[in-house]
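Since the structure comes first, as structure tokens, the remarks are kept for the end.
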Amino acid sequence: MLVIGYVYEDKYGMFHMTNQLIGADLNKLDSIELLDFYTNTPDDFYSFLEYYNVTDYIFVCDGKRMHRFVGFLNNNYPIRFQLVDTNQILKIGHSTLSSYNLRKKFPNNTALHAKFEQETSPIKDALHLLLTGHYPLNTKGNQIKHFYVENKDLLNKINSSVLKNCVINSIIFYDRCTTDILPELFPILVNFHREKETIESMNLIHMNEKEIIEGMKSFQSNGEVLNNQITNGIIDYSAVMNIDRNQRLFYFKDGIYRDYSKNYLITNNFDEDFYVLVNYLSYKNTRMTTPIMRIFPMVLNISALLGKKKMYMVTPYNAFFTKEYLQKHKDFKLIGFVIDDQYYLYNISLNKNYKVNKATLLLLEYYLKNKIDSIELQKYIPNKLESFKEQFYKIIESIS
């Protein structure tokens, strides 16, 4: 079977698949599901193609990084991978492709490409994830998303089994390098030293486990957020709290570590297979991520974005009006703020806050804790509770 995939490579080097067709030959092709380059590894991609008994894969793509990726695939998997650009110029593969009009099958969609061009660079978010280790809970474990490499020479030390198990849109941050002449690795390559200003702007700090737990307990007891240094995050938070799920690796000249601070050595053998590394790490990661562990870095980050050393928040996992809070993970988009005796609702995904009254914040807390129909609310709003609830639902609908 033959598959043709049209991929747009944006200005940061990120891949976005816009179409994928399969067939016995180029004249008989049907659409199949698209590949998500943010969540799939080269091994995942190969397993997908193996399921369909694919023998040949043709990428239609402009971009320098795709050339490196196709080279990696050809060196590591028994499928023939070929590359043509959008002008149908063959870059890698067989000259017989030139007789087919691939552009008819994949028209140039400028509007779709514009959607993929992000307004802000993804590099800052990637650096924050790399340095803190605080990845979203729904991020798959044992999939490397970000690397730190101490110097350029260590780039050649990254084992191919590790690269096979990093997401296709992974990023390698390399340090202590004065040249841009780099090995032909397929991940996005970013000079860490040139991002120093971005890193400094995040004002990341070191905290030990005891300090973090004390901060969590204080927040959980009354919603108070103390962020005296106005930090956006804690360096190696996931490693300090022992909740890493193997999404980042650090290559130093004396070995591979699971943290930037070099407190947790995995191995000094750079040739270790990826699954040997995972097996070793599985003995280290013994703590389950609790809801308060999940939310605490976000709490600090939001207070830093608002520039507040002290504020109060209403979430499912802390006491405020009611002393109860949830002990299980829950998806939610809204939280509440109290800043200088003013009340706000905050939409996390939109990064917007809305000024409200105290009653709305009260209802939000009970709503987040699945207690909006509790009789307990009657003591706060004895006469017009239903009217207040009706208005509350209208508010959250308008801002969600």
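To get our numbering, take the position in the sequence shown, counting from 1, and add 95. Cβ atoms here follow ideal geometry from the backbone N, Cα and C, with glycine treated the same way.
Check, Outcome
"4 or more residues per run - each alpha helix (DSSP H) lying fully within the segment 357-420", "369-379 and 386-400"
"Outcome for Thr301 when other beta-carbon atoms lying within 10 angstroms are tallied against a minimum of 16", "Checking the displayed sequence, the identity of residue 301 turns out to be His instead of Thr. The residue is exposed, with fewer than 16 neighbouring Cβ atoms inside 10 Å."
"Three-state secondary structure (DSSP) of Glu481", "helix"
"At least 3 beta-carbon pairs within less than 8 Å: the segment 259-278 vs the segment 241-250", "yes"
"Rounded separation between Phe369 and Asn260 - CA only", "7 Å"
"Closest Cα partner of Tyr503 within the set Tyr172, Phe211, Gly100 and Val98", "The structure shown does not extend to residue 503, since the chain is modelled only from 96 to 495, so the question has no answer here."
"Met265, enclosing beta strand (DSSP E) - first and last residue", "Residue identity check: residue 265 is Ser in the sequence provided, not Met. Element bounds for Ser265: Cys261 to Tyr269."
"Nearest-angstrom beta carbon gap, Phe268 and Val257 [assumed within contact, 8 Å]", "In fact, because the Cβ distance is near 15 Å, the residues do not count as touching under 8 Å."
"Under 8 Å between C-beta atoms of Cys156 and Leu130", "no"
"Limits of the alpha helix (DSSP H) - the one that Gln473 falls within", "Premise fails: Gln473 is in no alpha helix (DSSP H) and is neither H nor E."
"contact_flag[the segment 140-160, the segment 168-176] where n(CB pairs < 8 Å) is 3 or more", "yes"
"Gln183 versus His111, Ile218, Ile174 and Tyr101, residue with shortest Cα-Cα distance", "Tyr101"
"C-alpha gap between Met112 and Phe164, whole angstroms", "14 Å"
"Paired residues, beta bridge with Met336 - DSSP", "None; Met336 has no bridge partner."
"Range of the contiguous beta strand (DSSP E) that encloses Val149", "Element bounds for Val149: n/a, residue is neither H nor E."
"Identity of the residues DSSP links to His241 by a beta bridge", "Ile266 and Arg343"
"For Arg353, three-class secondary structure by DSSP", "coil"
"The segment 456-463 touching the segment 397-405, judged by at least three CB pairs closer than 8 Å", "no"
"C-alpha distance - Thr234 paired with Lys466, whole-angstrom precision", "29 Å"
"Every unbroken beta strand (DSSP E) inside the segment 426-480 [3 residues or more]", "429-434, 437-442 and 447-451"
"Contacts around Ser469, its chain only, beta-carbon distance under 7 Å, and the 5 residues preceding and following it disregarded", "Tyr461"
"Pair within 8 Å by beta-carbon distance, Ser444 and Lys428", "yes"
"Collapsed DSSP secondary structure at Phe176 in the structure displayed", "strand"
"Exposure of Gly236, with buried meaning 16 or more beta-carbon neighbours within 10 Å", "exposed"
"Collapsed DSSP secondary structure at Leu299 in the structure displayed", "coil"
"Residue burial classification, Leu305 (beta-carbon count within 10 angstroms, cutoff 16)", "Per the sequence presented here, residue 305 reads as Lys, with Leu not at that position. It is exposed - the Cβ of Lys305 has fewer than 16 other Cβ atoms within 10 Å."
"Nearest to Arg175 (by Cα), restricted to the options Pro217, Met96 and Phe347", "Met96"
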